[in-house]
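S.K.: Those letters in the sequence shown? Residues -22 to -1, 1 to 582, by mature numbering (1 follows the signal peptide of the UniProt record, and there is no 0). Every residue, glycine too, gets a C-beta built ideally from N, C-alpha and C. Since we're looking at a predicted model, the values are computed, not measured. Supplied in structure tokens, the structure appears directly below.
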Amino acid sequence: MAFSVLHLLALYLIVQPFCVHAAQTANISLGLSLTASDNSLSWQSPSGEFAFGFRRIGDQDLFLLAIWYDKIPEKTLVWYANGDNPTPKGSKVELTKDGNFRLTGPRKEEIWPQPVISGVAYAAMLDSGNFVLADQNSALLWQSFKDPRDTILPTQVLEIGEKLSSRQTASNYSKGKFQLQFKPDGTLELYPIALPTEFEYDAYYKSNTSDAADKLNSGYQLVFNESGHINIVLRNGNIVTLTNKTVSPSRDYYYRATLDFDGLFTLYAYPKKGSGTSWSSLWSIPENICFAFDSTGEEGGGPCGYNSYCRLDANTRPICDCVPGFSALDPQYKLRGCKQDRMHSCELGDSKPQDVYVMHELPNTFWPSSSNFEVLQQLNEDDCRRSCLDDCNCVVATIRAGRCWKKKLPLSNGRQDWNEYGKALIKLPKSDALENPASRDSNTEKKDQKTVILVGALLLGSSVFINFLLVAAIAFLVFYTYRKTHRVITSTSSIMEANLLAFTYKELEEATDGFREELGRGAFGTVYKGVISSPSSTNYVAIKKLDKVEQQGEKEFKTEVSAIAKTHHKNLVRLLGLCDEGANRLLVYEFMSNGTLASFLFGI
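Here is the structure:
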């Protein structure tokens, strides 16, 4: 929407924040200071609506030097000096008697990255939410409105080159991955950055207020006026209004516009009176951030980072999920993306891909521009599935409109689109596609035992006969769950299908009769003959006691054991179980009396 230059002049006079005398002030004199503590004082604006001082971050013993709305329960921060470097208790912000303004830690070290400001005659917290430092002629030396963080307030103006930076999470005020900036060509842009270098990736929103043929028709200011509207002012005097929703007068509501940590630039309102208990969202850009990255490149990974996908909640806010078989790089900061839990291998030995991998379906999920290394036409879903399964370079395939896109890592710009038919097929190792049976049995066992104990405690004392039955039932259940958890080896075919068994050191010590019968020695340990018995069968095993694994971490040990356990070959003995208890690490193999065992265990 465009207005005349007279409208611009009126708007400009309203929003000018540069004269201290244009607003009510409560000047802060030289020599005053604030100290970070549980009961920190603050410097308030004349109306009491804004305050400047230290705010504790959550339940941490760290503080931000900040400005906040002081008349609402949330004490919402609208500016902060040291988001990347919170201060400990005892830190001080001081307007010294010689006119310097500085933030120091308990040991007097400088904390605020801002250069030390000198020549200050007084400071003031204005009713606009702007904190200013002025000289003796009331000329502004510094103001928070010209050094914004993630939020702008009514009457605030962003000039060419000025920008907002998102925080990382709702409670982590370190610099996040999104920025909003007024570019030199007059366009307002939202774009992701690479941390910590702040390299700018392609914009996912542009205001289209640039005109290369006529620079007067380009934008040069972003103005948040007192009525709650956000406008772009063009050099020819016209105004382009971004907010498309009618807002209530500022006398009834508090307003703020924040570049949120999820990448949306959002206009919020909070009623000054009434039953409102939180900020409500009135407007935001882009409308659908999950789709906004479709026109960007693969760099940056999209709104949720690499190997993830974006979907919208009921309030059109993005939710980031990892692709099945992947987990978050940082569980506290999911926008960093995801990593693969287990690397795929092209070396399968005699095994077929369908014996090792399974294709997991993810409906209506796509990575439109990401990592396509092959596109196949006129393929149905089964053909697409089979093609990816047989291709060791293929990690994900998407099937849509008769086309099959085979993809490699990393995946970027993922999104879920319920308005477009199709699906993603994720290649997963079979062991990752199902819940670990041993873990499930262990959890079930614990729950069963707790239930038995609780029921027993309630019923004991009712009668001797019931107590007798209860004891018998408990004994049976304990024996049954023990049998279920420590499944014995019954035949070669069942062994091939079972997961690795976990043994205690004591169990293997008993199975070998104190490691009595030695079968041989190798480079990494000694092998003993053992017997694992059950009421129905007796099975001979070879137990390799490793003695040179002190430099191998537990994670690497388990990874190697898992790889051995999944190797199927007619000339290799089968790994049945392991013991990983303290410094003791033992491997339990199927016992074979011929030369295969010796060559495998000792390297003969």
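Where does PHE481 sit, in a helix, a strand or coil, going by DSSP?
M.R.: coil
S.K.: Taking the alpha carbon of CYS557 as the reference point, which residue from GLU568, ILE510 and LEU486 has its own alpha carbon closest?
M.R.: For CYS557, the closest of GLU568, ILE510 and LEU486 by C-alpha to C-alpha distance is LEU486.
S.K.: Around the C-beta of ALA520, are 16 or more other C-beta atoms found within 10 angstroms, so that it is buried, or is it exposed?
M.R.: buried
S.K.: Taking buried to mean at least 16 other C-beta atoms within 10 Å of its own C-beta, is TRP383 buried or exposed?
M.R.: Buried, by the Cβ-count rule.
S.K.: Mind listing, in chain order, the continuous beta strand (DSSP E) runs of no fewer than 3 residues lying wholly within the region 75 to 141?
M.R.: 79 to 82, 100 to 103, 109 to 112, 118 to 121 and 135 to 137
S.K.: Rounded to whole angstroms, what is the Cα-Cα separation between ASN216 and HIS338?
M.R.: 54 Å
S.K.: Given a threshold of 16 other Cβ atoms within 10 Å of its Cβ, counted over all protein chains shown, does ASN391 qualify as buried or as exposed?
M.R.: buried
S.K.: Using a 10 Å radius around the Cβ and a threshold of 16 neighbouring Cβ atoms, would you call CYS324 buried or exposed?
M.R.: exposed
S.K.: Residue range of the alpha helix (DSSP H) that GLU359 falls in?
M.R.: 359 to 368
S.K.: For the candidate residues CYS282, LEU104 and LEU553, whose alpha-carbon lies nearest to that of SER122?
M.R.: LEU104
S.K.: CA-CA distance, GLY107 and PHE304?
M.R.: Going from the Cα of GLY107 to the Cα of PHE304 covers about 44 Å.
S.K.: Taking the alpha helix (DSSP H) that VAL334 falls in, what are its first and last residues?
M.R.: Its alpha helix (DSSP H) spans residues 331 to 334.
S.K.: Going residue by residue through the region 26 to 84, where are the continuous beta strand (DSSP E) segments of at least 3 residues, counting only ones entirely within it?
M.R.: 28 to 34, 40 to 47, 55 to 58, 70 to 73 and 79 to 82
S.K.: Give the DSSP-derived three-state secondary structure of GLN379 in the structure shown.
M.R.: Inspection of the sequence shows that residue 379 is occupied by Ala rather than by Gln. Three-state DSSP puts ALA379 in coil, outside helix and strand.
S.K.: Do GLY278 and PHE156 have their CB atoms nearer than 7 Å?
M.R.: no
S.K.: For GLY68, which residues from the same chain have a beta carbon less than 6 Å from its beta carbon, with the 5 sequence-adjacent residues on both sides left out?
M.R.: The beta carbon of GLY68 sits closer than 6 Å to those of PRO84, all from its chain and outside the five residues before and after it, given in chain order.
S.K.: With DSSP as the reference, label GLU487 as helix, strand or coil.
M.R.: helix
S.K.: Distance, Cα to Cα, PRO24 vs ALA102?
M.R.: Across the structure, PRO24 and ALA102 are spaced so that their CA atoms are roughly 10 Å apart.
S.K.: Only counting the same chain, and skipping five residues up and downstream in sequence, which positions put a Cβ closer than 8 Å to that of VAL442?
M.R.: With a pLDDT of 43 at VAL442, under the threshold of 50, the modelled position of that residue is not reliable, and the figure given next carries that caveat. For VAL442, where only same-chain residues beyond five positions count, there are no Cβ hits under 8 Å.
S.K.: Taking a contact to mean a Cβ-Cβ separation below 7 Å, would you say LEU19 touches ARG33 in this structure?
M.R.: no
S.K.: If we call anything under 7 Å between Cβ atoms a contact, is LYS141 one with THR165?
M.R.: no
S.K.: Let's test the definition: count the other Cβ atoms within 10 Å of the Cβ of PHE160 and tell me whether it reaches 16, buried, or not, exposed.
M.R.: buried
S.K.: Using the Cα positions of LYS507 and TYR335, report the straight-line distance between them to the nearest angstrom.
M.R.: 35 Å
S.K.: Smallest Cα separation from LYS317: which of ALA480, VAL373, ILE130 and LYS330?
M.R.: VAL373
S.K.: Is it right to say TYR58 is buried, meaning 16 or more other beta carbons lie within 10 angstroms of its own, or is it exposed?
M.R.: buried
S.K.: Buried or exposed, going by whether 16 or more other CB atoms sit within 10 Å of the CB of VAL353?
M.R.: exposed
S.K.: For the region 207 to 227 against the region 236 to 251, are there 3 or more C-beta pairs whose distance is under 8 Å?
M.R.: yes
S.K.: Taking contact to mean at least 3 C-beta pairs separated by less than 8 Å, is the region 45 to 57 in contact with the region 65 to 82?
M.R.: no
S.K.: Quick check: what's the CA-CA separation for ALA235 versus ALA148?
M.R.: 15 Å
S.K.: Is SER226 buried or exposed, if buried means 16 or more other CB atoms sit within 10 Å of its CB?
M.R.: exposed
S.K.: Buried or exposed for SER262, going by 16 or more other Cβ atoms inside 10 Å?
M.R.: buried
S.K.: Provide the residue(s) that pair with HIS338 in DSSP beta bridges, ordered along the chain.
M.R.: In DSSP, HIS338 forms a bridge with ILE404.
S.K.: Unbroken beta strand (DSSP E) runs of length 3 or more, entirely within the region 224 to 298: which are they?
M.R.: 231 to 237, 243 to 249, 258 to 263 and 286 to 290
S.K.: Here's the rule I'm using: 16 or more other beta-carbon atoms within 10 Å means buried, otherwise exposed. How should PHE351 be labelled?
M.R.: Residue burial is scored here from C-beta neighbours: PHE351 has fewer than 16 other C-beta atoms within 10 angstroms and is therefore classed as exposed.
S.K.: CA-CA distance, TYR151 and ARG145?
M.R.: 5 Å
S.K.: According to the neighbour-count rule (16 or more other Cβ atoms, all chains shown, within 10 Å of its Cβ), is GLU87 buried or exposed?
M.R.: By the 10 Å Cβ count, GLU87 comes out exposed.
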